[in-house]
Amino acid sequence: MRVAEHNRHVTINVERQDGAVVLTVEGVLDSLTYRELRDAVIKVALEEPRAVLVDVSRLSVPSASAWSVFTSARWHVSTWPDVAILLTSQDPETRRVITSVGVARYVPVHPTRESALGAVDELSLHSRRRSRAQLPPTAVSVRVARSLIQAWLTAWARNDLVAVAATVTTVLVENVLAHTDSAPVLVVENYRDTVTVAVEDNSHQPAVRYEDAAGGTGMLSGLSIITALCRAWGSTPTSSGKTVWALVGPENQL
Numbered sequence: 001m002r003v004a005e006h007n008r009h010v011t012i013n014v015e016r017q018d019g020a021v022v023l024t025v026e027g028v029l030d031s032l033t034y035r036e037l038r039d040a041v042i043k044v045a046l047e048e049p050r051a052v053l054v055d056v057s058r059l060s061v062p063s064a065s066a067w068s069v070f071t072s073a074r075w076h077v078s079t080w081p082d083v084a085i086l087l088t089s090q091d092p093e094t095r096r097v098i099t100s101v102g103v104a105r106y107v108p109v110h111p112t113r114e115s116a117l118g119a120v121d122e123l124s125l126h127s128r129r130r131s132r133a134q135l136p137p138t139a140v141s142v143r144v145a146r147s148l149i150q151a152w153l154t155a156w157a158r159n160d161l162v163a164v165a166a167t168v169t170t171v172l173v174e175n176v177l178a179h180t181d182s183a184p185v186l187v188v189e190n191y192r193d194t195v196t197v198a199v200e201d202n203s204h205q206p207a208v209r210y211e212d213a214a215g216g217t218g219m220l221s222g223l224s225i226i227t228a229l230c231r232a233w234g235s236t237p238t239s240s241g242k243t244v245w246a247l248v249g250p251e252n253q254l
């Protein structure tokens, strides 16, 4: 166990268990510590663990509305990387309050770490598939990435989205090669009827869709293509750089 964050109000200890990250929080959650705690949870989620478990058994929350800090953290990562955030507390009254203010609708609360991990196992078993591959920092990575898309989506019976996902992948990988010195990392996830394609790099410069001063956003660029093809896309900072992701669904078929 190591101390990840500390001030006079809140201490957050970080552990890893079965692919999940467990945060044990002690201190007082109030207006002074709300943002610090939220950002700590988001930062851990962006590392893409199997889940984030927050043990709040030793956390004092004078105002019940402050429990919304966990709902806020969950919404920040709800599209990508869509890592589950769960709370644990041995105290039945704490669990009742968390549920009564509506937080448990988005961030489930469990009595033990074991029951929370069991819930994550059940979710992963029935609904979510993810594959990941390190690509070379050369032009060949585009061809490799497209082949992986074909193989993964075929295995997941999502052949209907292969064409659009491969196009999105081409754009994202080419952007990494053109604008960074990174070896791209391709991450593809299937959840229900959607597919998310994400590419990680080691540049902290966010991906933005540049506008033409004369013609607005009419200039043809990779991210213009992404915008036209996808349900949603974004650029998420990580500890080592950023992840640019795009979400496609049945309405985005080519």
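Take the sequence shown: its letter number 86 is residue 86 in the UniProt record's numbering, and every next letter is one higher. Don't be surprised by glycine CBs; every beta carbon is placed ideally from N, CA and C.
- In terms of Cβ geometry, D55 and V22 form a close pair [threshold 8 angstroms].
- In the structure shown, the three-state DSSP call for V187 is strand.
- The three-state secondary structure of A166, taken from DSSP, is helix.
- The residues N7, H9, V10, G27, in chain order, have a CB closer than 8 angstroms to that of T33 in the same chain once the five nearest residues on each side in sequence are set aside.
- Scanning A145, S131, R130 for the CA closest to the CA of P137 turns up A145.
- Sorting R113, T79, V187 by C-alpha distance to the C-alpha of R231 places T79 at the top.
- Taking 8 angstroms as the upper bound for CB-CB distance, L29 and S60 are in contact here, some 7 angstroms apart.
- Membership of Q90 in any beta strand (DSSP E) is not indicated, and neither H nor E is assigned to it by DSSP.
- A residue is called buried once 16 or more other Cβ atoms fall within 10 Å of its Cβ, and N175 is buried on that count.
- CA-CA distance, V107 to A165, rounds to 30 angstroms.
- The Cβ atoms of V199 and L172 lie closer than 8 angstroms to each other.
- A residue is called buried once 16 or more other Cβ atoms fall within 10 Å of its Cβ, and R192, having fewer, is exposed.
- Cβ contact annotation for S240 (same chain, cutoff 7 angstroms, sequence separation greater than five): N202, in chain order.
- Assigned with DSSP and collapsed to three states, E15 falls in strand.
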